[in-house]
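Before any comments, here is the structure.
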Amino acid sequence: MARTDYQSSLEELRDDVLYMSEVVAERLREGLDALERKDERLARDVIEGDDEINDMYLELEGTCVDLIALQQPVASDLRFIAASFKIITDLERIADLAVNLGGYTLDAQRDLFPGVDMQRVGRETLAMLESAMAAYADEDIERCFAVAERDEEVDAMCEAASELVVRDLIEGDYLGGGETDDDIESLMQDVSRLLLTIRDLERVGDHAVNVAARTVYMVENDDELLY
Amino acid sequence: MTDNTNPEFAVDESTDDPTTDDMVTGTDVSESVTSSGATMQRDTVVSAENVSVWYNDDRALRDITLDIPEKQVTAMIGPSGCGKSTFLRCINRMNDMIDAARVEGDLYLRTKNVYDDDVDPVALRRRVGMVFQTPNPFPKSIYDNVAYGLKIQNKNGDYDRIVEESLKRAALWDEVSDQLDQSGLELSGGQQQRLCIARAIAPDPEVILMDEPASALDPVATSQIEDLITELAEEYTVVIVTHNMQQAARISNKTAVFLTGGELVEFDDTEKIFENPESQRVEDYITGKFG
Numbered sequence: 560m561a562r563t564d565y566q567s568s569l570e571e572l573r574d575d576v577l578y579m580s581e582v583v584a585e586r587l588r589e590g591l592d593a594l595e596r597k598d599e600r601l602a603r604d605v606i607e608g609d610d611e612i613n614d615m616y617l618e619l620e621g622t623c624v625d626l627i628a629l630q631q632p633v634a635s636d637l638r639f640i641a642a643s644f645k646i647i648t649d650l651e652r653i654a655d656l657a658v659n660l661g662g663y664t665l666d667a668q669r670d671l672f673p674g675v676d677m678q679r680v681g682r683e684t685l686a687m688l689e690s691a692m693a694a695y696a697d698e699d700i701e702r703c704f705a706v707a708e709r710d711e712e713v714d715a716m717c718e719a720a721s722e723l724v725v726r727d728l729i730e731g732d733y734l735g736g737g738e739t740d741d742d743i744e745s746l747m748q749d750v751s752r753l754l755l756t757i758r759d760l761e762r763v764g765d766h767a768v769n770v771a772a773r774t775v776y777m778v779e780n781d782d783e784l785l786y
Numbered sequence: 018m019t020d021n022t023n024p025e026f027a028v029d030e031s032t033d034d035p036t037t038d039d040m041v042t043g044t045d046v047s048e049s050v051t052s053s054g055a056t057m058q059r060d061t062v063v064s065a066e067n068v069s070v071w072y073n074d075d076r077a078l079r080d081i082t083l084d085i086p087e088k089q090v091t092a093m094i095g096p097s098g099c100g101k102s103t104f105l106r107c108i109n110r111m112n113d114m115i116d117a118a119r120v121e122g123d124l125y126l127r128t129k130n131v132y133d134d135d136v137d138p139v140a141l142r143r144r145v146g147m148v149f150q151t152p153n154p155f156p157k158s159i160y161d162n163v164a165y166g167l168k169i170q171n172k173n174g175d176y177d178r179i180v181e182e183s184l185k186r187a188a189l190w191d192e193v194s195d196q197l198d199q200s201g202l203e204l205s206g207g208q209q210q211r212l213c214i215a216r217a218i219a220p221d222p223e224v225i226l227m228d229e230p231a232s233a234l235d236p237v238a239t240s241q242i243e244d245l246i247t248e249l250a251e252e253y254t255v256v257i258v259t260h261n262m263q264q265a266a267r268i269s270n271k272t273a274v275f276l277t278g279g280e281l282v283e284f285d286d287t288e289k290i291f292e293n294p295e296s297q298r299v300e301d302y303i304t305g306k307f308g
């Protein structure tokens with residue numbers, strides 16, 4: 560095989576992207592755990608760990624740019640680098656969303672809507688991310704489309720959760736009369752935090768679909784899953 | 018193919034117009050994709066049908082069939098010895114000069130088979146100009162280098178105007194307009210190559226063949242030649258052989274990939290070849306896994 564150094568660089572890029580995805584998945588898992596257990600220490604770890612992810616992202620971005628500039632990749636190599644370049648952006652965004660979960664944990668005062676199962680949604684999006692990255696590693700197209708289908712379920716779960724919050728808010732007696740401005744403010748913050756959590760988890764699913772879509776492009780030069 | 022009589026490169030030339038009715042058929046068209054993605058039809062200028070070439074008993078090309086579209090840049094790439102230059106030289110019968118070479122199959126310029134008995138290779142080469150790897154200006158003035166082809170044709174005309182226009186089209190006029198009497202050999206390598214391009218286009222050919230035209234030039238001169246090739250394709254059909262795959266990717270509309278054994282493995286839009294080739298062998302070659 561010719562260009563062995565170049566081929567090694569491509570393999571290294573693949574390994575590094577997969578490593579970044581493992582770290583990001585771990586952060587997401589920790590963010591969900593922190594939220595569930597109201598574990599402020601773990602939440603702070605997730606927030607502080609974001610710098611590490613950002614550094615990884617910048618380094619991999621530089622690797623992709625270097626490969627394009629110095630090796631002039633074409634065909635499947637080019638698609639692999641282009642896909643990886645986009646996928647690391649999605650991974651970095653997922654890490655940001657995990658940081659948000661950490662922030663919500665620190666801010667959370669109480670569980671207002673126990674009927675909303677955030678953990679179930681979170682576990683589903685985490686599984687989507689892991690499945691999308693496995694598809695990237697194995698160049699598995701079927702798995703990519705399965706990730707996209709799963710996202711529809713996540714969207715439905717998120718929509719149902721949001722509706723539940725709003726309905727509960729209308730029907731429930733959360734303030735009970737005689738409330739102060741501080742009580743109202745606090746309730747509003749709790750509600751908006753919960754809705755933001757739902758939105759953020761839904762976005763994790765979207766980023767996982769992006770990873771799957773870029774993988775389909777990478778393998779088959781097919782943009783069917785993009786948008 | 019239809020009526021072959023009286024193409025201007027046949028022995029008895031009768032017209033200077035390359036677009037006479039008998040040279041354009043409604044069926045000779047190639048699809049090409051514009052920058053906006055729209056598909057448009059282009060006339061085929063050069064059409065090869067099962068062209069094979071032997072050098073003595075060695076087969077250099079195997080049954081090459083392809084249509085080269087008008088006013089586009091078509092690149093031929095492949096490893097050394099794959100036959101790409103041999104194919105290029107078939108188009109204007111440069112292989113005639115090699116005793117051991119034997120050509121089979123049909124190769125049409127418009128509707129005329131260039132290997133028909135009544136074709137005058139010298140006249141053919143006025144329709145199909147050529148630029149070589151190493152700049153090879155004549156040891157004459159810049160002016161005479163460009164006018165040379167016209168003079169040996171005893172072609173009447175306004176030489177001054179043709180020389181100026183040819184030098185302008187070759188993007189050299191601004192650099193040499195006040196030194197036309199200077200020897201072409203005194204120019205830099207890049208300028209010499211542009212002078213050779215001016216010389217090739219002075220007889221107003223329809224096709225320009227280029228055999229690695231920038232491989233002997235520095236990066237700046239190479240960029241100038243590449244820009245020039247793109248401009249030339251607005252008026253001429255350019256066929257270029259290059260070992261530099263990135264050059265093919267940068268400047269060509271169509272790319273033909275020849276691989277060992279003289280086989281044309283894939284011929285398609287350049288974007289398709291370099292982004293998602295059909296053939297695994299082409300994929301392996303252009304990504305450097307082979308060759």
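For the record, the sequence lines run as chains Z and G. According to this note's numbering, the first sequence holds residues 560 to 786 in order. According to this note's numbering, the second sequence holds residues 18 to 308 in order. Just so it is clear, CB atoms sit at the ideal spot from N, CA and C, and this is done for glycine as well.
Residue-level contact check: G:THR304 touches chain Z, since one or more beta carbons of chain Z fall below 7 Å from its beta carbon.
The Cβ atoms of G:ASN109 and G:VAL145 sit closer than 7 Å to each other. G:SER194 carries a coil assignment under DSSP once its states are collapsed to helix, strand and coil.
Judged by pairs of C-beta atoms under 8 Å, the segment 700-715 of chain Z does not touch the segment 725-743 of chain Z, as fewer than three such pairs exist. Contacts with chain G at 7 Å (Cβ-Cβ) include Z:ARG562. A buried status is given to Z:LEU619, since no fewer than 16 other beta-carbon atoms sit within 10 Å of its beta-carbon. Taking C-beta atoms under 8 Å as the contact rule, G:THR61 and G:ILE85 qualify, at a distance of about 7 Å.
With respect to G:ARG298, G:LEU281 sits apart: the two C-beta atoms are not nearer than 7 Å.
With at least 16 other beta carbons inside 10 angstroms of its own, Z:SER643 counts as buried. Around the beta carbon of Z:VAL706, 16 or more other beta carbons sit within 10 angstroms, so the residue counts as buried.
In this chain, G:PRO220 is not harboured by any beta strand (DSSP E), its DSSP state being neither H nor E. Listed in chain order, the positions of the segment 254-285 of chain G with a beta carbon within less than 9 Å of a beta carbon of chain Z are MET262, GLN263, ALA266.
Judged by DSSP in its simplified three-state form, G:ASN109 adopts coil rather than helix or strand.
Listed along chain G, no residue sits closer than 9 Å to Z:LEU572 by beta-carbon distance, the nearest being about 14 Å off. With fewer than 16 other beta carbons inside 10 angstroms of its own, Z:ALA715 counts as exposed. Around Z:GLN631, the beta-carbon contacts reaching into chain G at under 7 Å are GLN263. Nearest C-alpha to G:LEU184 among G:GLN170, G:ASP161, G:LEU234, G:GLU203: G:ASP161.
Neighbours of G:PHE291 in chain Z, taken as residues at a C-beta separation under 9 Å, are given in chain order as VAL633, ALA634, LEU637. G:VAL274 sits in a strand when the DSSP states are folded into three classes. Comparing C-alpha distances from Z:VAL675 to each of Z:ILE653, Z:ALA641, Z:LEU723 shows the shortest one belongs to Z:LEU723. Annotation: Z:ARG762 to G:SER232 spans about 51 Å, alpha carbon to alpha carbon.
In the DSSP annotation of this structure, the continuous segment of the alpha helix (DSSP H) that includes G:VAL299 starts and ends at 297-303.
Sequence-distant Cβ neighbours of Z:VAL680 in its own chain, meaning closer than 8 Å and more than five residues away, are VAL713, MET716, CYS717, ALA720, ILE757, LEU760, GLU761.
Rounded to whole angstroms, G:ARG216 and G:VAL163 show a C-alpha spacing of 4 Å. Going by DSSP, Z:PHE704 is part of the alpha helix (DSSP H) stretching over 700-730. Separation of G:MET93 and G:PHE104 (C-alpha to C-alpha, rounded to the nearest whole angstrom) is 9 Å. Contacts between Z:ASN769 and chain G, judged by CB atoms closer than 8 Å, are missing: the closest CB pair is about 20 Å apart. Here G:PRO86 is bridged, per DSSP, to G:THR61. Judged by their CB atoms, G:VAL274 and G:GLU288 are not nearer to each other than the 7 Å cut-off. Taking all protein chains in view, the Cβ of G:VAL139 is surrounded by fewer than 16 other Cβ atoms within 10 Å, so the residue is classified as exposed.
Around the Cβ of G:ILE115, a 10 Å sphere holds fewer than 16 other Cβ atoms; the residue is exposed.
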